[in-house]
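Here the structure is laid out as C-alpha cells; the discussion comes afterwards.
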Amino acid sequence: MSQNSTRPVGPLVIDIENITKDYVMGEETVRALRGVSLQIHRNEYIAIMGPSGSGKSTLMNMLGCLDTPTSGRYEFNGKNVAEMNDDELAAIRNREIGFVFQTFNLLPRSTSLRNVELPLIYAGIDPDTREEMAAHVLHEVGLGDRMNHKPNELSGGQRQRVAVARALVNKPSIILADEPTGNLDSKTGEEIMALFEDLYQRGNTIILVTHERDIATHARRTVHLRDGLIETDHAGFIPELDLVALDRP
Ligand SMILES: Nc1ncnc2c1ncn2[C@@H]1O[C@H](COP(=O)(O)OP(=O)(O)O)[C@@H](O)[C@H]1O
Ligand SMILES: [Mg+2]
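In this text, residue positions in the sequence shown follow the numbering used here: the first is 1389, and each later residue adds one.
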C-alpha cells in the first residue's frame, strides 16, 4: 500500500465512453475491447491491470492516440479525437502524452541528451533551448552526470530514466507507461516506481499499465480489465480484490 499522500485531482483529461476495438484477421474478428468507459483527471495516478490478452495494450494505444477505436467516443482535453486530423493527432502524441515503454525505445547511437531532445526537435524548439530543457529534466531524474552517455553505456534503470526524461521534457498532460519495469530487476523496478511517485507528487498525471501487483500498489486508483471489459475500478489498491480479480478462472 502506498504510504505517501494522495493529491487532489484536477480537470478531466481523458473521457472515453463505450469504446470497442475489433481486430479483423481474415475471416476472424478479435474483439479486444467490448465497451470500455473511463474518465481520468489531471493529477491522477492510475494503474491498468489485467491478465495477458485482456486488452491493456489495446486500451493504451487508444489512450495514446496511436490507434482508433472501432466504435465509441474519446475526448482528450475536451476535444473529440475522432474529429482530429493527422497533424492534430501528431501534436497530441508529441506534446500532450509522454510515452514510456517496457523496452525503453532509445536511439542507440545517441547520447542521453540527444535522446531527450528528440521530442523538442519535433516540436520545433531551437537547439540551445532544447539542450537546456533536456539537461534540466535529465538532472531531475538523477542523470545529470550521464548526459553524454549512450544507451549501451548505461544500466537498464538508467536507460529507463532517460526514457522517462524524454517523456517529461515537453511537459505533457499525461505520462503513459506500458509495463515500464518489465525489463528491469525488482530493485531497479522499485527505483523507477520511486521516480514515478516523485513525478506524481510534483503534479504529473500517470497512467501505468502493468500485470504486476507489486508495481500497481504504487498507484492511487486501479482499473482491472478482463476480456476487453473493465471488471473493477477502485481507489487505492485492495490486495484481496486484486486476488479475486486475477485468480478467478
Ligand atoms: N494487432 C492485433 N491484431 C490482432 N489481434 C490483436 C492485435 N493486438 C492484440 N490483439 C488481440 O487482442 C486481445 C487483447 O490484446 P492486448 O491488448 O495486447 O492485451 P494485453 O496487453 O492485456 O495482453 C488479445 O486477444 C490479442 O490477441
Ligand atoms: Mg500488453
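Where a beta carbon is used, it is the ideal one built from N, C-alpha and C, also for glycine.
Near ligand 2, meaning a Cβ closer than 6 Å to any of its heavy atoms, lie the following residues in chain order: K1444, S1445.
With a cut-off of 7 Å, the C-beta of Y1510 is classified as distant from ligand 1, since no heavy atom of the ligand falls inside that distance.
Taking the CA atoms as reference points, Q1548 sits about 22 Å from C1453. Burial state of I1618 is buried, judged by a 10 Å Cβ sphere holding 16 or more other Cβ atoms.
Restricting attention to T1456, A1420, I1434, the CA atom closest to the CA of S1440 is found in A1420. Excluding sequence positions up to five before and after P1496, its CB lies within less than 8 Å of the CB of K1538, P1539, N1540, all in the same chain and listed in chain order. Within 7 Å of the C-beta of V1424 there is not a single heavy atom belonging to ligand 1. A direct Cα-to-Cα measurement between S1425 and P1396 gives close to 22 Å. Between ligand 1 and the CB of V1418, the shortest heavy atom gap is smaller than 7 Å.
Taking C-alpha positions only, G1570 is separated from D1403 by approximately 28 Å.
In this structure, G1452 has its beta carbon at no less than 7 Å from each heavy atom of ligand 1. For M1535 against T1499, the beta-carbon gap comes to about 7 Å, under 8 Å, which counts as contact. Around the beta-carbon of E1415, fewer than 16 other beta-carbon atoms lie within 10 Å, marking it exposed. The straight-line gap separating the alpha-carbon atoms of R1590 and L1583 is approximately 11 Å. Secondary structure remark: continuous beta strand (DSSP E) runs of at least 3 residues inside the segment 1392 to 1416, in chain order: 1400 to 1413.
Taking every protein chain shown into account, the CB of T1610 has 16 or more other CB atoms within 10 angstroms, so this residue is buried. The bridge partners DSSP lists for D1621 are V1611. Nearest to L1506 by alpha-carbon distance, out of V1550, D1474, G1530, L1477, is V1550.
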